[in-house]
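*Asks:* Below is a structure I'd like to ask you about.
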Amino acid sequence: MSLTLAANVADIAGQGPASVLFGVCDIISNSANAVRFNKEAATALATRIHDIVSALTEEHAVGGFEPSPEWTAGINNFKWSCIEILDHVQVLNTALESVTKAVTAPSFPAQRLEPPPAYYFGRTAETESAVTMLDSDLSAYVAILGGPGMGKTSLARAILHHPALTTRFGPKRYFVACDAADSRMTLLSLLSSAFGIATSSGSAAKRALESVLHGPSLLVLDNFESAWESQEQRQETEDVLEFLAGINGLSVMITLRGSERPHGVAWTIPHLPPLATLGSSFATQLFVTISDIDKANPDLLKLLACTDNIPLAIVLLANLAQYESSHTLLARWEEQKTAMLHCSDGSHRLTSMDVSLNVSRSISVLLQTALAVWNNRDQLYVLAPIREFMLSKHYPQPTGLAALFGHYWALAHLINPEGQESSGPAAVALQGDRQILWTEAQSLYKETGNIVGIIDTTLRLSDFEPPEQAIKVSEAMYTIAKDARHLKLGMTKLKEAIPFLLDAQCYGRLGQAEFQIAESCIVMQMNMKALVHIRQALYAFRNAHNVRGQISCFHSSVMANLAVRDTHTALGAIESGETLLADGGGDLSTFSRALWLHVKGAFAAASGDLEAANSFFKGAIMFSRFEDSNEAQENYLQLEGMSLHSLGKLEQAKGNQSEAENCFIVSVTISRRLFQPDLLQSLTYLAQVLENEAATDLLAAIMPPLLHSGLDGPLADAFLTSAGIALRQSNTRLAQHRVQSAMRYLEEVDTVKLHERAATMLEKCTAALTV
1 MSLTLAANVA DIAGQGPASV LFGVCDIISN SANAVRFNKE AATALATRIH DIVSALTEEH
61 AVGGFEPSPE WTAGINNFKW SCIEILDHVQ VLNTALESVT KAVTAPSFPA QRLEPPPAYY
121 FGRTAETESA VTMLDSDLSA YVAILGGPGM GKTSLARAIL HHPALTTRFG PKRYFVACDA
181 ADSRMTLLSL LSSAFGIATS SGSAAKRALE SVLHGPSLLV LDNFESAWES QEQRQETEDV
241 LEFLAGINGL SVMITLRGSE RPHGVAWTIP HLPPLATLGS SFATQLFVTI SDIDKANPDL
301 LKLLACTDNI PLAIVLLANL AQYESSHTLL ARWEEQKTAM LHCSDGSHRL TSMDVSLNVS
361 RSISVLLQTA LAVWNNRDQL YVLAPIREFM LSKHYPQPTG LAALFGHYWA LAHLINPEGQ
421 ESSGPAAVAL QGDRQILWTE AQSLYKETGN IVGIIDTTLR LSDFEPPEQA IKVSEAMYTI
481 AKDARHLKLG MTKLKEAIPF LLDAQCYGRL GQAEFQIAES CIVMQMNMKA LVHIRQALYA
541 FRNAHNVRGQ ISCFHSSVMA NLAVRDTHTA LGAIESGETL LADGGGDLST FSRALWLHVK
601 GAFAAASGDL EAANSFFKGA IMFSRFEDSN EAQENYLQLE GMSLHSLGKL EQAKGNQSEA
661 ENCFIVSVTI SRRLFQPDLL QSLTYLAQVL ENEAATDLLA AIMPPLLHSG LDGPLADAFL
721 TSAGIALRQS NTRLAQHRVQ SAMRYLEEVD TVKLHERAAT MLEKCTAALT V
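At position 685 of the sequence shown the residue is numbered 685 (full-length UniProt numbering), and the sequence of numbers has no breaks.
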């Protein structure tokens with residue numbers, strides 16, 4: 001701006017006073033016209049200057065006028081005053097434009113980035129490694145892991161502000177703190193709030209997020225464990241993470257307490273190792289920089305020993321050292337331990353060591369949450385601040401100590417017992433061999449009948465098996481979990497096998513794993529999720545040239561699409577299956593043909609052709625009773641049970657309650673020999689056609705296992721059946737309560753018929769209560 005003014009002044013330099021003043025006046029007038037705010041005041045000022053210049057010019061134009069030195073000096077002073085006014089006007093005008101742009105620019109909380117850390121030492125290798133992964137044309141997914149106070153957030157902030165990433169992502173760098181996530185505030189809700197998305201619809205929120213985050217973008221999710229550690233919302237959180245990973249051009253970085261990475265994302269290789277404590281030199285540098293105490297201070301090493309080189313503990317103790325002597329701090333540590341490590345009001349995990357330790361919800365699982373680590377001597381080691389915190393909050397009682405001492409004395413007797421040449425298996429396990437320890441744990445879980453423990457330890461032991469055997473183990477554990485009603489757990493464990501399958505390029509088993517997950521989703525009536533896994537299974541089966549698997553995928557695709565009323569896509573799947581059946585000729589098994597009769601019946605029923613549906617279902621039942629040495633007998637039984645379900649629902653729709661009851665009773669008999677979810681589904685259908693008293697007794701028996709099974713669709717169906725009984729008995733308020741209970745379980749269920757049934761029954765209840 002000063003250059004512009006100087007140029008204008010230079011252009012009119014050397015002319016008479018009147019020309020000079022009119023030139024400056026003209027520039028002021030133009031600047032005033034460009035003003036957007038307080039325009040009237042600026043224009044009035046320009047007009048006033050113009051009038052003064054005009055008066056001076058008239059006086060100068062009088063014949064014989066000879067300007068005195070005082071007059072010339074006054075004119076020059078006035079000229080420079082005008083130039084200063086012009087300078088101020090232009091500066092204010094430019095500043096107002098900048099402020100206007102800043103105010104009108106779109107902004108939401110996620111755009112307000114945390115600044116880079118003020119003190120940052122000892123994390124150069126981790127920073128460069130993460131930046132290398134993120135500074136790529138491909139999306140990257142980075143997890144920063146570590147125990148409490150290890151500097152995960154500081155590392156994320158340093159990476160976020162790295163020049164390479166600032167250049168690559170520009171303003172599309174976002175930082176979202178997940179601290180507020182809990183049972184009421186899910187990760188999706190948290191993201192919606194952070195990005196200013198006002199909607200209660202999950203699908204609408206995802207569409208809006210995809211619109212904001214697509215293209216080269218970087219999203220940091222800090223303190224991710226708040227949204228993920230709870231078992232109740234872990235699956236939902238991983239689903240959101242999987243959704244984010246599917247957004248084109250979006251890279252995601254999370255900070256997470258512990259050493260376990262969430263599922264749902266193919267984390268970029270090489271993984272960042274969990275953050276360790278700082279090296280001694282960096283710890284000293286950090287402490288001295290903040291506290292400004294002399295490196296030669298004799299208490300420095302003692303103070304650092306209190307922190308065990310944990311970055312947060314160092315920062316907090318160094319802040320205290322700014323105004324307390326090192327001798328006083330050591331005395332306070334002996335008395336207060338980690339309670340003294342806080343700054344500000346000490347109410348946040350980043351300003352208090354106690355708060356940072358308290359928010360580790362799985363404190364009993366020390367290794368998983370990185371509250372304890374293995375040292376270089378294969379010993380389990382608890383870092384000093386964590387150890388002191390535990391002793392201050394949970395000091396062992398005498399009875400507990402006695403049992404602990406007794407345990408270790410007993411272990412001591414196992415080492416080379418008298419009369420034996422070597423130690424027993426239990427003593428060998430003490431050396432820290434993971435395979436031995438997991439085997440010991442597995443035997444204990446088996447003795448106590450702990451299904452979850454058996455599944456977990458068996459899968460961990462599969463790490464020591466060849467890929468083919470590890471895959472079989474994972475599938476076996478899925479079967480055990482499914483049979484024990486832990487269907488969601490089984491799905492999670494089966495997903496853990498997929499990386500093995502991909503690495504081994506074992507497309508046949510990969511297709512089976514994806515298909516089993518899809519089938520579980522269909523049982524839970526989460527059909528859209530099922531369709532995702534069906535597509536992946538179909539891709540794998542095609543690579544494996546497995547026609548039987550492809551037919552099963554098309555069958556499940558039709559059933560899932562019909563459940564969400566997408567008949568067009570269902571018809572497309574039928575046509576693809578018909579082509580495959582025709583190409584297969586005589587090589588296809590009886591089972592595949594029976595499966596296709598069932599799917600044709602389902603489509604006919606959905607299209608309103610009940611007679612054709614009846615013929616197809618009965619044909620499927622007949623073919624499912626044939627013997628085929630190439631097909632597992634349980635698959636035929638499952639198909640027969642499914643066909644009886646469909647035929648029973650058809651008879652129920654036609655008003656033939658007794659026929660429907662017969663179909664469901666036979667399906668119950670068959671399902672008893674199969675998996676628990678199949679049996680629960682059959683019993684739920686049976687309850688719908690029984691008399692009120694019998695149905696009530698049956699529902700009372702199946703409700704508890706349904707509540708613990710994760711089968712939200714069948715559970716909602718059971719609640720609606722119970723509500724129907726209450727309505728028939730004129731107990732309208734109870735009916736309304738049960739419909740509302742059903743609706744809570746329908747949040748993730750997308751079967752249209754169930755939602756329609758719930759809405760109709762709620763309308764009946766409301767109408768009855770208003771009479």
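Idealized CB from N, CA, C, for every residue including glycine.
Find out if the Cβ-Cβ distance for the pair Leu145, Ser259 is shorter than 8 Å.
*Replies:* Here residue 145 corresponds to residue number 145 of the sequence shown, with the count starting at 1. Here residue 259 corresponds to residue number 259 of the sequence shown, with the count starting at 1. In contact: Leu145 and Ser259 (Cβ atoms closer than 8 Å).
*Asks:* Starting from Ser325, trace the beta strand (DSSP E) in both directions and tell me its first and last residue.
*Replies:* The sequence position of residue 325 within the sequence shown is 325, counting from 1. That residue, Ser325, is in no beta strand (DSSP E); it is neither H nor E in DSSP.
*Asks:* In chain order, what residues of the same chain lie with their CB nearer than 6 Å to the CB of Val523, ignoring the 5 residues before and after it?
*Replies:* Position 523 of the sequence shown, counting from 1, holds the residue named residue 523. So the list reads Pro677, once near-sequence residues are dropped.
*Asks:* Hey, would you say Ala177 sits closer than 8 Å to Ser192, going by beta carbons?
*Replies:* Position 177 of the sequence shown holds residue 177. Position 192 of the sequence shown holds residue 192. Cβ distance not < 8 Å, so Ala177 and Ser192 don't count as in contact.
*Asks:* Which residues bound the beta strand (DSSP E) around Thr255?
*Replies:* Working through the sequence shown from its first residue, we reach residue 255 at position 255. Per DSSP, Thr255 belongs to the beta strand (DSSP E) from Leu250 to Arg257.
*Asks:* Relative to the alpha-carbon of Asn543, which residue among Val558, Thr579, His568 and Gly508 has its alpha-carbon at the smallest distance?
*Replies:* To locate residue 543, count along the sequence shown from 1; it is residue 543. Closest option to Asn543, Cα to Cα, is Gly508.
*Asks:* Along the alpha helix (DSSP H) that carries Val532, what are the first and last residues, could you check?
*Replies:* As a working note, residue 532 is residue 532 in the sequence shown. Residues Asn527 to Asn543.
*Asks:* Helix, strand or coil for Leu220 per DSSP?
*Replies:* As a first step, residue 220 must be located in the sequence shown, where it is residue number 220. First, the amino acid is wrong: residue 220 is Val here, not Leu. Of the three classes helix, strand and coil, the one that applies to Val220 here is strand, per DSSP.
*Asks:* Between Glu659, Leu581 and Glu229, which has its C-alpha nearest Asn614's C-alpha?
*Replies:* Sequence index remark: in the sequence shown, residue 614 carries index 614 (1-based). The shortest Cα separation from Asn614 among Glu659, Leu581 and Glu229 belongs to Glu659.
*Asks:* Could you tell me the distance, in whole angstroms, from the CA atom of residue 775 to the CA atom of Leu706?
*Replies:* The structure shown does not extend to residue 775, since the chain is modelled only from 1 through 771, so no value can be given for it.
*Asks:* Determine, using beta-carbon pairs with one atom in the region 225-233 and one in the region 130-140, whether at least three such pairs fall under 8 Å.
*Replies:* Touching, no, given that fewer than three Cβ pairs across the two stretches are closer than 8 Å.
*Asks:* Whole angstroms are fine: how far does the CA of Gly122 sit from the CA of Ala110?
*Replies:* To locate residue 110, count along the sequence shown from 1; it is residue 110. To locate residue 122, count along the sequence shown from 1; it is residue 122. Going from the Cα of Ala110 to the Cα of Gly122 covers about 28 Å.
*Asks:* Taking the C-alpha atoms as reference points, what is the distance between Arg548 and Ala612?
*Replies:* What you label residue 548 is simply residue 548 of the sequence shown in a count that begins at 1. What you label residue 612 is simply residue 612 of the sequence shown in a count that begins at 1. The straight-line gap from Cα to Cα measures roughly 25 Å.
*Asks:* In three-state DSSP terms, what is Val212?
*Replies:* If you number the sequence shown from 1, residue 212 lands on position 212. DSSP places Val212 in helix when its eight states are reduced to three.
*Asks:* Expressed to the nearest angstrom, what Euclidean distance is found between the alpha-carbon atoms of Leu690 and His755?
*Replies:* Walking along the sequence shown from the start, residue 690 turns up at place 690. Walking along the sequence shown from the start, residue 755 turns up at place 755. When rounded, the distance between both Cα atoms is 22 Å.
*Asks:* Below 7 Å, is the gap between the Cβ of Glu631 and the nearest heavy atom of the ligand NAP?
*Replies:* No copy of the ligand NAP occurs in the structure displayed, which carries no ligand at all.
*Asks:* Return helix, strand or coil for Ile293, following the three-state DSSP convention.
*Replies:* Taking the first residue of the sequence shown as position 1, residue 293 is located at position 293. Coil, per DSSP.
*Asks:* Report the rounded CA-to-CA distance for Ile621 versus Phe515, giving the unit in angstroms.
*Replies:* As a working mapping, residue 621 is identified with position 621 in the sequence shown. As a working mapping, residue 515 is identified with position 515 in the sequence shown. The alpha-carbon atoms of Ile621 and Phe515 are separated by roughly 23 Å.
*Asks:* For a test of the three-state rule: what should DSSP assign to Tyr395, helix, strand or coil?
*Replies:* Indexing the sequence shown from 1 puts residue 395 at position 395. It is coil, neither helix nor strand.
*Asks:* Compare the beta carbon distance of Leu218 and Phe169 with 8 Å and say whether it is the shorter of the two.
*Replies:* What you label residue 218 is simply residue 218 of the sequence shown in a count that begins at 1. What you label residue 169 is simply residue 169 of the sequence shown in a count that begins at 1. Result yes, Cβ atoms of Leu218 and Phe169 sit closer than 8 Å.
*Asks:* If contacts are defined as beta-carbon pairs under 8 Å, then Leu155 and Glu126 qualify, I think. What distance do you get, rounded to the angstrom?
*Replies:* Residue numbering aside, residue 155 sits at position 155 when the sequence shown is read from its first letter. Residue numbering aside, residue 126 sits at position 126 when the sequence shown is read from its first letter. With 8 Å as the limit, Leu155 and Glu126 qualify as a contact, their Cβ atoms being about 6 Å apart.
*Asks:* Could you name the residues that DSSP lists as bridge partners for Phe175?
*Replies:* Working through the sequence shown from its first residue, we reach residue 175 at position 175. DSSP, once it has assigned bridges, lists Val220 as partnering Phe175.
*Asks:* Between Ala653 and Cys663, what straight-line distance do the alpha-carbon atoms span, to the nearest angstrom?
*Replies:* In the sequence shown, counting from the first residue as 1, residue 653 sits at position 653. In the sequence shown, counting from the first residue as 1, residue 663 sits at position 663. Computed Cα separation, rounded: 13 Å.
*Asks:* Give the straight-line distance between the Cα atoms of His263 and Leu300, rounded to the nearest whole angstrom.
*Replies:* Here the question's residue 263 lines up with position 263 in the sequence shown. Here the question's residue 300 lines up with position 300 in the sequence shown. Roughly 43 Å between the two C-alpha positions.
*Asks:* For Val142, which residues does DSSP report across the bridge?
*Replies:* Along the sequence shown, one-based indexing puts residue 142 at 142. In DSSP, Val142 forms a bridge with Met253.
*Asks:* Just checking, does the region 728-739 make contact with the region 703-717 on the three C-beta pairs under 8 Å criterion?
*Replies:* Not touching, per the Cβ criterion.
*Asks:* Checking the sheet assignment: what are the DSSP bridge partners for Leu275?
*Replies:* As a position in the sequence shown, residue 275 is number 275, starting the count at 1. Its beta-bridge partners are Gly146.
*Asks:* Asp179 and Asn223 look like a contact to me (Cβ under 8 Å); what is the Cβ gap, rounded to whole Å?
*Replies:* Numbered from 1 along the sequence shown, position 179 holds the residue referred to as residue 179. Numbered from 1 along the sequence shown, position 223 holds the residue referred to as residue 223. Contact holds; Cβ gap of about 5 Å.
*Asks:* Give the range of the alpha helix (DSSP H) segment to which Tyr507 is assigned.
*Replies:* The count along the sequence shown starts at 1 and reaches residue 507 at position 507. Note, Tyr507: alpha helix (DSSP H), Tyr507 to Val523.
*Asks:* Which residue marks the beginning of the alpha helix (DSSP H) containing Pro115, and which one marks its end?
*Replies:* The count along the sequence shown starts at 1 and reaches residue 115 at position 115. That residue, Pro115, is in no alpha helix (DSSP H); it is neither H nor E in DSSP.
*Asks:* Rounded to whole angstroms, what is the Cα-Cα separation between Thr307 and Leu256?
*Replies:* As a working note, residue 307 is residue 307 in the sequence shown. As a working note, residue 256 is residue 256 in the sequence shown. When rounded, the distance between both Cα atoms is 21 Å.
*Asks:* Of the residues Ser709, Ala759 and Pro714, which one's Cα is nearest the Cα of Gln681?
*Replies:* Indexing the sequence shown from 1 puts residue 681 at position 681. With distances taken between Cα atoms, Gln681 lies closest to Pro714.
*Asks:* Round the Cβ separation of Ser592 and Phe617 to the nearest angstrom and send it over; I've been treating them as touching at under 8 Å.
*Replies:* As a working note, residue 592 is residue 592 in the sequence shown. As a working note, residue 617 is residue 617 in the sequence shown. Not really, about 17 Å apart at Cβ, beyond 8 Å.
*Asks:* Please list, in chain order, all residues of the same chain as Pro115 whose beta carbon is under 8 Å from its beta carbon, the five residues on each side excluded.
*Replies:* As a working mapping, residue 115 is identified with position 115 in the sequence shown. Counting only Cβ-Cβ distances below 8 Å, and skipping sequence neighbours, we find Arg157 and His161.
*Asks:* Which term fits Leu275, buried or exposed, when burial requires 16 or more other beta carbons within 10 angstroms of its beta carbon?
*Replies:* As a position in the sequence shown, residue 275 is number 275, starting the count at 1. Per the 10 Å Cβ criterion, buried.
*Asks:* State yes or no: is the C-beta of Phe287 within less than 8 Å of the C-beta of Ile314?
*Replies:* Taking the first residue of the sequence shown as 1, we reach residue 287 at position 287. Taking the first residue of the sequence shown as 1, we reach residue 314 at position 314. Result yes, Cβ atoms of Phe287 and Ile314 sit closer than 8 Å.
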